[in-house]
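Trainee: Let me give you the structure first, and then I'll get to my questions.
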Amino acid sequence: MGYVCNFAKGVALLFPLFLFACGNSESVNFISPNESLVSFGGEAQSSSSELLQSSSSLTIIQSSSIITQSSSSSVIAQSSSSRVPVQSSSSVLPSPPNNGVPYIRIITYDSANVDSAYALCSVEIAGNGIYEDLAPASGKIRTRGNSTRLWYPKKPYRVKLDAKTSVLGLPANKDWVLLANYRDQSKFMNAVAFDMARYMGSFAFVNANRFVEVEINGEYMGIYQLTEQIEHGVSRVNTGNGGVLLSLDKDDGPELSPSATNNFYSKIYKLPVAVKYPKNVTATQIDTISANLAVLEQAIANSDYDSVQKLMDISSFMDFLILQELTHNVELEAPRSMYLYKDSSGLYHMGPVWDFDGGFAYSWDEDTKKYFVDQDWILHRNRAVSGFFINLFANENFLADYKARWGQLKTSILADVFSKLDDYMLQAQKALENDAIKWTPVRSYIDEVQSLKSWLTERVNRYESALQKY
Numbered sequence: 175m176g177y178v179c180n181f182a183k184g185v186a187l188l189f190p191l192f193l194f195a196c197g198n199s200e201s202v203n204f205i206s207p208n209e210s211l212v213s214f215g216g217e218a219q220s221s222s223s224e225l226l227q228s229s230s231s232l233t234i235i236q237s238s239s240i241i242t243q244s245s246s247s248s249v250i251a252q253s254s255s256s257r258v259p260v261q262s263s264s265s266v267l268p269s270p271p272n273n274g275v276p277y278i279r280i281i282t283y284d285s286a287n288v289d290s291a292y293a294l295c296s297v298e299i300a301g302n303g304i305y306e307d308l309a310p311a312s313g314k315i316r317t318r319g320n321s322t323r324l325w326y327p328k329k330p331y332r333v334k335l336d337a338k339t340s341v342l343g344l345p346a347n348k349d350w351v352l353l354a355n356y357r358d359q360s361k362f363m364n365a366v367a368f369d370m371a372r373y374m375g376s377f378a379f380v381n382a383n384r385f386v387e388v389e390i391n392g393e394y395m396g397i398y399q400l401t402e403q404i405e406h407g408v409s410r411v412n413t414g415n416g417g418v419l420l421s422l423d424k425d426d427g428p429e430l431s432p433s434a435t436n437n438f439y440s441k442i443y444k445l446p447v448a449v450k451y452p453k454n455v456t457a458t459q460i461d462t463i464s465a466n467l468a469v470l471e472q473a474i475a476n477s478d479y480d481s482v483q484k485l486m487d488i489s490s491f492m493d494f495l496i497l498q499e500l501t502h503n504v505e506l507e508a509p510r511s512m513y514l515y516k517d518s519s520g521l522y523h524m525g526p527v528w529d530f531d532g533g534f535a536y537s538w539d540e541d542t543k544k545y546f547v548d549q550d551w552i553l554h555r556n557r558a559v560s561g562f563f564i565n566l567f568a569n570e571n572f573l574a575d576y577k578a579r580w581g582q583l584k585t586s587i588l589a590d591v592f593s594k595l596d597d598y599m600l601q602a603q604k605a606l607e608n609d610a611i612k613w614t615p616v617r618s619y620i621d622e623v624q625s626l627k628s629w630l631t632e633r634v635n636r637y638e639s640a641l642q643k644y
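First residue of the sequence shown: 175, per this note's numbering; consecutive thereafter.
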């Protein structure tokens, strides 16, 4: 366990001063009223650096230096000692609360604001008896998203740790996302969509749902949904050797990201495509990727179901479409946040599914601005959806298989999802109340969850009727 020794008066004067060069720390420890220097997650790991936060200053203890950051100055005092005594402060950080969900404490170097550029930080997690604690880990943090980052006061974040780390029971990785779910006053729409996808069973990777409370630089930020960054990797989207990961996203496409070198319009449907993997893709690779995708596009345009089945995992395609229908995800129109990948065998797969803030019949009308306002259909019903997603419905064999797949899902998918939703609400009740105090939503999460359940129940029934008329 870390410790605090008596600080010899004037000790910093014994060492030369240098400008601060690096803000990363491998261990973040906090003064506890009843302990010496301890990690709030439990016993601190022995490491080359520790971070000590008080209300007036931030002190980083590194193996060869003391870095004291205050509002007026930042200096380093060099030392050959691996442990440099620091003075205890009467002003201490509180122990992390246990409100039924894990608690994440993030401290940026020099209390820097978090915006679209990465800021160096340290991350510590109290699992609160649900998951293992995360000992202090160094990394960096920035805001993420497009509309969610620009339009709303509660920001979503991307956290990139310096080392691959298992977080809240999930496979070790560096890249993590904290979804704010600000506009969604139920807080669970993304989780519901992910759980639907998980229940379907045809997606090789589905994002996890870990609800947490977050504190940044001493400020309580509310309840967040921790999940994985969508990216290529063995424990994420595993394309295998020679595979590709693509996003169909207007924001990442040539029109809105003209300076990007990884995007193109598809040849047949003119979809905005961004290559997410491989990284640093060359122009020659883009030409090859575009040509290969055009083969799949042409088969769909021809309603050639037999050819499509040879080119794409058709189960993932059907389940992807059913999920977009059930969640009334208007992002399919642009499109935005739609993914597909090609594995090492050359077979395309739809997914992972992502971003349902624009789903669940959200009304963009200034006088409404709420979810669950209607039961319109995304596919075939006055929606500007690309033919890439709907042209196969002209093939009777595809339509028959699609209806059969729906028949397998319709009677049980909501029971499974609602059971998980009830568990989330029960576990996160106190955290949800705290979030409401922080952000003062117009509608209560309890009412919104009930509206979500009622709307989905009606949608399943109506979709059954609508699908029989296809």
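Glycine residues also receive a C-beta, built at the ideal position from the N, C-alpha and C atoms.
1) Can you list, in chain order, the residues of its chain whose CB lies under 8 Å from that of residue 431, leaving out five sequence neighbours each side?
2) Going by other Cβ atoms of all chains shown within 10 Å of its Cβ, with 16 needed for buried, is residue 490 buried or exposed?
3) Check whether the Cβ atoms of residue 277 and residue 299 sit closer than 9 Å, and answer yes or no.
4) Can you tell me whether residue 313 is buried or exposed? The criterion is at least 16 other CB atoms within 10 Å of its CB, across all chains shown.
5) Considering only the beta carbon of each residue, do residue 606 and residue 619 sit closer than 9 Å?
6) Find out if the Cβ-Cβ distance for the pair residue 468, residue 412 is shorter than 9 Å.
7) Could you pull out every residue in the same chain whose Cβ sits closer than 6 Å to the Cβ of residue 452, ignoring the five residues on either side in sequence?
8) Whole alpha helix (DSSP H) runs in the stretch 608-634 with 4 or more residues, listed along the chain?
9) Between 316, 435, 546 and 439, which lies nearest to residue 457 when the distance is taken from Cα to Cα?
10) Assuming residue 598 and residue 385 are in contact, meaning their beta carbons sit under 8 Å apart, how far apart are those beta carbons, in whole angstroms?
11) At what residues does the beta strand (DSSP E) containing residue 352 begin and finish?
12) Here's the rule I'm using: 16 or more other beta-carbon atoms within 10 Å means buried, otherwise exposed. How should residue 287 be labelled?
13) In the DSSP assignment, the beta strand (DSSP E) including residue 335 goes from what residue to what residue?
14) Is it buried or exposed for residue 580, if we count other Cβ within 10 angstroms and need 16 for buried?
15) Along the chain, where does the beta strand (DSSP E) containing residue 512 start, and where does it finish?
16) Under 7 Å Cβ to Cβ from residue 209, same chain only, skipping five residues before and after it: list those, please.
17) Please report the Cβ distance between residue 292 and residue 316, rounded to the nearest whole angstrom; I am assuming they are in contact, meaning their Cβ atoms lie under 8 Å.
18) Is it a yes or a no for the stretch 516-535 touching the stretch 345-365, going by three-plus beta-carbon pairs under 8 Å?
19) If you drop the 5 nearest sequence neighbours on each side, which residues of the same chain put their C-beta closer than 6 Å to that of residue 343?
20) When you compare each of 628, 559 and 398 to residue 592 by their alpha carbons, which one comes out closest?
21) Determine contact between the stretch 365-378 and the stretch 496-511, defined as no fewer than three beta-carbon pairs at a distance below 8 Å.
22) Using only the alpha-carbon positions, how far apart do residue 548 and residue 338 sit?
23) What does the alpha-carbon distance come out to for the pair residue 417 and residue 459?
24) Going by Cα to Cα distance, which pick from 414, 427 and 476 is closest to residue 568?
25) Between residue 492 and the rest of its own chain, which residues show a CB-CB distance below 8 Å, the 5 nearest in sequence each way excluded?
26) Using the Cα positions of residue 172 and residue 584, report the straight-line distance between them to the nearest angstrom.
27) According to DSSP, is residue 504 part of a helix, a strand, or is it coil?
28) Excluding sequence positions up to five away, which residues of its chain have a Cβ less than 7 Å from the Cβ of residue 428?
29) Rounded to whole angstroms, what's the CA-CA distance from residue 330 to residue 570? Just pull it up for me.
30) What are the boundary residues of the beta strand (DSSP E) that residue 395 is part of?
31) Going by Cα to Cα distance, which pick from 415, 311, 333 and 481 is closest to residue 289?
32) Can you look up residue 640 in the DSSP assignment and give me helix, strand or coil?
33) Classify residue 617 as buried or exposed, calling it buried when 16 or more other Cβ atoms lie within 10 Å of its own Cβ.
34) Bridge partners for residue 279 per DSSP, in chain order?
35) Where do the N-terminal and C-terminal ends of the alpha helix (DSSP H) with residue 583 fall, by residue?
36) Using the rule of at least 16 other Cβ atoms within 10 Å of the residue's Cβ for burial, across every protein chain shown, is residue 361 buried or exposed?
Mentor: Considering the structure as presented:
1) To locate residue 431, count along the sequence shown from 1; it is residue 257. Within the same chain, residue 431 has close Cβ partners 425, 437 and 448.
2) Mapped onto the sequence shown, residue 490 falls at position 316. Burial call: buried.
3) Along the sequence shown, one-based indexing puts residue 277 at 103. Along the sequence shown, one-based indexing puts residue 299 at 125. The answer is yes: Cβ separation under 9 Å.
4) Taking the sequence shown and counting its residues from 1, the one referred to as residue 313 is at position 139. That one is buried.
5) By one-based count along the sequence shown, residue 606 stands at place 432. By one-based count along the sequence shown, residue 619 stands at place 445. Contact: yes.
6) As a working mapping, residue 468 is identified with position 294 in the sequence shown. As a working mapping, residue 412 is identified with position 238 in the sequence shown. Not closer than 9 Å, so no.
7) Looking up residue 452 in the sequence shown gives position 278. Correct list: empty, nothing qualifies.
8) none
9) Here the question's residue 457 lines up with position 283 in the sequence shown. That would be 435, whose Cα lies nearest to the Cα of residue 457.
10) Along the sequence shown, read from residue 1 onward, the residue named residue 598 stands at position 424. Along the sequence shown, read from residue 1 onward, the residue named residue 385 stands at position 211. About 6 Å; that satisfies the 8 Å criterion.
11) Working through the sequence shown from its first residue, we reach residue 352 at position 178. Per DSSP, residue 352 belongs to the beta strand (DSSP E) from 347-353.
12) Translated into the one-based positions of the sequence shown, residue 287 becomes position 113. Exposed, because fewer than 16 other Cβ atoms sit within 10 Å of the Cβ of residue 287.
13) On the sequence shown, residue 335 is found 161 positions in, with the first residue counted as 1. Its beta strand (DSSP E) spans residues 331-339.
14) By one-based count along the sequence shown, residue 580 stands at place 406. Classification of residue 580: buried, given that the 10 Å Cβ count is 16 or more.
15) Position 338 of the sequence shown holds residue 512. From DSSP, the beta strand (DSSP E) with residue 512 extends over 512-516.
16) Translated into positions along the sequence shown, residue 209 becomes position 35. Here residue 209 scores only 31 on pLDDT, less than 50, and its place in the model should not be relied on; the value that follows carries that caveat. Once the five neighbours on either side are set aside, residue 209 has no close Cβ partner at all.
17) Against the sequence shown, residue 292 aligns to sequence position 118. Against the sequence shown, residue 316 aligns to sequence position 142. Yes, they are in contact, since the Cβ atoms of residue 292 and residue 316 sit about 5 Å apart, within 8 Å.
18) yes
19) Here residue 343 corresponds to residue number 169 of the sequence shown, with the count starting at 1. Only 305 meet the Cβ criterion.
20) Residue 592 sits at position 418 when you count from the first residue of the sequence shown. Nearest option by C-alpha distance: 628.
21) yes
22) As a working note, residue 548 is residue 374 in the sequence shown. As a working note, residue 338 is residue 164 in the sequence shown. The alpha-carbon atoms of residue 548 and residue 338 are separated by roughly 44 Å.
23) Mapped onto the sequence shown, residue 417 falls at position 243. Mapped onto the sequence shown, residue 459 falls at position 285. Computed Cα separation, rounded: 12 Å.
24) Within the sequence shown, residue 568 is the residue found at index 394, counting from 1. Taking only the C-alpha atoms, the option nearest residue 568 is 476.
25) Start at 1 with the first residue of the sequence shown, and residue 492 comes out as number 318. 376, 575, 576 and 579, listed in sequence order.
26) A question about residue 172 goes unanswered here, because the residues of the chain that appear run from 175 up to 644.
27) As a working note, residue 504 is residue 330 in the sequence shown. Here residue 504 sits in helix by DSSP.
28) Looking up residue 428 in the sequence shown gives position 254. Contacts found: 437, 438, 439 and 446.
29) To locate residue 330, count along the sequence shown from 1; it is residue 156. To locate residue 570, count along the sequence shown from 1; it is residue 396. Whole-angstrom Cα-Cα distance: 43 Å.
30) The residue given as residue 395 occupies position 221 in the sequence shown. 393-402 is the extent of the beta strand (DSSP E) around residue 395.
31) Walking along the sequence shown from the start, residue 289 turns up at place 115. Ranking the options by Cα distance to residue 289, first place goes to 333.
32) The residue you call residue 640 lines up with position 466 of the sequence shown. Residue 640 falls in the helix class under three-state DSSP.
33) Reading the sequence shown from its first residue, position 443 is the one you call residue 617. With fewer than 16 Cβ atoms within 10 Å of its Cβ, residue 617 is classed as exposed.
34) Here residue 279 is taken as the residue at index 105 of the sequence shown, counted from 1. The partner list for residue 279 (beta bridge, DSSP) reads 298 and 389.
35) Sequence index remark: in the sequence shown, residue 583 carries index 409 (1-based). Residues 570-583.
36) Here residue 361 corresponds to residue number 187 of the sequence shown, with the count starting at 1. Residue 361 is buried by the Cβ-count criterion.
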